[in-house]
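Worksheet for the structure shown next.
Chains as they are written, first to last, in our numbering: chain A, 542 to 817; chain B, 542 to 817; chain C, 542 to 817; chain D, 542 to 817.
This is the structure:
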């Protein structure tokens, strides 16, 4: 199991998200409250959109709490769209090519959860990936396979549809081998403009996922909190675990649903795997 | 805070100590029960006496639970005198030169605990180290400084006396700067023949330390346990935390005392810092 | 390009092979004379047969010349059958799962060279691997794919035949895509009893490979050399580059051939890819 | 021996300096032409001035040519004052705390060369460091000791004077122990506004150092080169080795001298160690 956060809004230093909150991602890496594992020490990654077409990545197999470079970068890199992930491996090695977020062109992808009994279904799922993408698979995780399935199934044109199709495929392949609950997931995706965040599991008992309350509402609730006044109305966070204890700040993403964060009104919709 | 074990007895594969027990050192690295920190993920080290005059060391800054090489070595290296340590840093960087055990000639040293407000006393303590040893200090920890102080004060000739003198010196220097409780420690030392294990703290509330019950007694208690029958009468373990729940197997090392494990009757003695 | 050595004979400390010779593998990692690249700093690995059924592995992505653990282990591990490899990547990431030797059961495999335009043929070659082996592929190199093809094609029963079949398959797939010279290789294989060493390339201009002269002959040539007198008659080395300048000690493995080192008379035979 | 570069001028992406030039620092890490060692694979570091008061650092013990994070960061971080260093150790371990640039407040420092027979003089030199700085020493290199000596001797107020005093002290201490040529150095220092670059050795045969020709002159020489037209008149580089073969672009820093790069006219002055 892993922990992640996705941020979209007023450009902030990475450290504002990763180090400073009371129950920051770094704190979660040592003492996760809601995760299946309390320690998330099998590598981490941060992706952000900077001046290049393709987003920047920083990944490491050191535990996040020990990484001096992460601390330096977090203090010096400012971005308005950030995805960060700390990993607790479900079996595959701790190596940079297994760290999230995964990237394809402008797209970033991170996943908490797993494809059940992945070694048994890995080959069949990998064969379903577009052959022209095959050589782009660098690591050995279920999460990366899932990502390239979604790319194969149209991620660039219809992200929610592609994820629904990929999950449908994974469930079909898994069930054909007698796997009762093939998929457990929260997923975040971005193209640099929008963020999609999904919560789903075949068994209907998905990993935790929260989104932040609208800034206008939060400011009304806490008129004296200076942090909230520096953030634009559009600023939004989606997280595996709340970053602090501010009452009213965090809302549970319902089972089998996904949110879209973009310019204008954010949305929350139903997630339904598409049979393949 | 850290966790460690010292083993002396019938040669065993490292994995018998490090991976296989219910509450093995690897398990403790993720879920310590008695440590100040539950996660010990800031590097580890194993020292063992093989065919060379100086003992062998394997150290890594990866969390022990992720280190594939450790798993390989543990399955293939057999030794009769083993010291193993998992580190939870009290501030100094996670780097191999800060991992225990530290080595000087045939001597190995590991420490759980800390010298209080070490940055303030580091220079004065370092100046008390024999100038000819100065260039041998490779890392930046309090534990290594403590070790070289003990070497300076006669470790090779009278290990308990040298540790008592080093602690006396550290307490004097600390108290001269208003530090109330300068020393917190469990320490294990070996020269390849004997093992000394110390438990002490200036405040009289020391980190946990346990020694295993005599094999003859354990075998009488558990006549049907095959593991116990493969180990010689002289086999003994000293550990920060019990490796399992076998009733009667583990004994608390009392406050302000140390044990000596050697051929013949093992001993438990009082530890009294010597004023310097 | 990479450098490797395979040793079979009187048990020696790893350091006798890896560190001590004038032009040791460590020296080659910094200053290869015969390699395509002068620096081989993209990780390394050592495999040896110890007391377990499956051989032991130590792999690291640090340059071999900097790895303190390698130095420690080399001084303390003694074995009679050793494979060691230093890597200069041809594109895939420096990570432990890409370091040689690769292992399958009792089998070790290392490769110098490459499958030409591997990203283009990777999927087709991977599909030819036995599906039950698929999940055992941990890294992303051409060398590991080549290994699992050989396992699929009978490595355990007829190692030279399996390599000839794997190369035949790789050449067929490559040529079907217009690749003129699909294979460049020296390969070493062992099952813990025997060592096979291959030299071949589709273009007939293969990477260098040498085998050591018979110990009885070397001792006759150098009756006063004490090192040679400590090694059994059966001791043999196969290397990418000679480890020193002893005249008469090293013999070129001819193009398109392979050697077998085993109890009794070692053999040198012709290597002919088998059309698939 | 090491290789380094210091850049001051129009903000550029790090990759423009570190990866793109024909004979970039990355190329030098594998194939140095002018260094004592051809391979500089014992870690590296980059320091740059961003929005914080203290400069940012990225350091790694991986060879620079393999570091995927460096490639990512270099493509996404833009700065106007950059110091970069690749390390070839003269004996101290490859660990992040031994990587240059070293930092103290706003100050960065990097060094190519060595203090002769450093283990013999280390203690005496370290004792000459201001006791209040002692605990800031994190690594074990001569270069960091040299840096803190310069800080002790007034770096913040008179950088060239402090370096001259530090070298004077190192030479006195070395010569008192019979060391003929105690110092070999090129050094770069910055406070975020200015850069100082020194070339000196006790024997008068110093490591190579070059500074770039004035942009106005270069543009007159190469009126059609677009790169030169994007850089301000004040842009200047100081490097261990020229980054390319542009005739007229690189000038040798004379023996026993130092340059100052700042707003206004850059200067080249004589360097004379001050007796201590």
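Here a beta-carbon is modelled for each residue, glycine too, at the ideal position from N, C-alpha and C.
Suppose contacts are defined by Cβ-Cβ distances below 9 Å. Is residue i in contact with residue j by that definition?
i              : j              : result
residue 637(B) : residue 601(B) : yes
residue 618(C) : residue 595(B) : no
residue 615(D) : residue 583(D) : no
residue 732(A) : residue 647(A) : yes
residue 759(A) : residue 787(A) : yes
residue 606(B) : residue 555(B) : no
So residue i contacts chain E; which residues on that side make the cut at Cβ distance below 9 Å?
i              : result
residue 600(C) : Absent from the structure: chain E. Protein chains present are A, B, C and D.
Tell me, which residues are paired with residue i by DSSP?
i              : result
residue 590(A) : None; residue 590(A) has no bridge partner.
residue 853(D) : Residue 853(D) is absent from the structure shown; chain D starts at 542 and stops at 817.
residue 688(D) : The partner list for residue 688(D) (beta bridge, DSSP) is empty, contrary to what the question assumes.
residue 557(D) : Residue 557(D) is not bridged to any residue.
residue 753(C) : 791(C)
residue 600(B) : 586(B)
residue 741(A) : 726(A)
residue 626(D) : 545(D), 586(D)
Note down the Cα distance separating residue i from residue j, rounded to an integer number of angstroms.
i              : j              : result
residue 699(B) : residue 650(B) : 14 Å
residue 766(D) : residue 667(B) : 57 Å
residue 612(A) : residue 567(A) : 10 Å
residue 724(B) : residue 631(B) : 13 Å
residue 804(D) : residue 654(D) : 29 Å
residue 593(C) : residue 678(D) : 45 Å
residue 706(B) : residue 691(B) : 7 Å
residue 560(B) : residue 729(B) : 20 Å
residue 717(D) : residue 683(D) : 18 Å
residue 550(B) : residue 622(B) : 7 Å
residue 640(B) : residue 545(B) : 12 Å
residue 686(D) : residue 711(D) : 10 Å
residue 547(B) : residue 673(B) : 29 Å
residue 669(D) : residue 720(D) : 18 Å
residue 695(C) : residue 553(C) : 31 Å
residue 565(D) : residue 558(D) : 7 Å
residue 657(C) : residue 715(C) : 8 Å
residue 745(C) : residue 797(C) : 7 Å
residue 807(C) : residue 662(C) : 35 Å
Under 9 Å, Cβ to Cβ, is there at least one residue of chain C near residue i?
i              : result
residue 664(A) : yes
residue 668(A) : yes
residue 571(D) : yes
Give the range of the beta strand (DSSP E) segment to which residue i is assigned.
i              : result
residue 802(B) : 798–802
residue 613(D) : Counting along the chain, residue 613(D) falls outside any beta strand (DSSP E), though it belongs to the alpha helix (DSSP H) covering 609–617.
residue 808(C) : 808–811
residue 826(C) : Since the first residue shown for chain C is 542 and the last is 817, residue 826(C) is missing from the structure and cannot be characterised.
Kindly say whether residue i, judged by its beta-carbon, lies nearer than 9 Å to any beta-carbon of chain A.
i              : result
residue 771(D) : no
residue 603(B) : yes
residue 657(B) : no
Considering residue i, what are the terminal residues of the alpha helix (DSSP H) in which it resides?
i              : result
residue 551(D) : Taken as a continuous stretch (DSSP letters only), residue 551(D) belongs to no alpha helix (DSSP H), being part of the beta strand (DSSP E) at 544–554.
residue 666(D) : 659–668
residue 674(D) : No alpha helix (DSSP H) holds residue 674(D); DSSP gives it neither H nor E.
residue 716(D) : 700–717
From the beta carbon of residue i, is the nearest beta carbon of chain B less than 9 Å away?
i              : result
residue 580(A) : yes
residue 672(D) : yes
residue 637(D) : yes
residue 588(D) : no
residue 597(C) : yes
residue 645(D) : no
Taking 9 Å as the CB-CB limit, is residue i close to chain D?
i              : result
residue 593(A) : yes
residue 617(A) : yes
residue 680(B) : yes
Looking at the ligand MG, does it come within less than 8 Å of residue i, judged from the CB to the closest heavy atom?
i              : result
residue 729(D) : Of ligands this structure carries none, so the ligand MG is not represented either.
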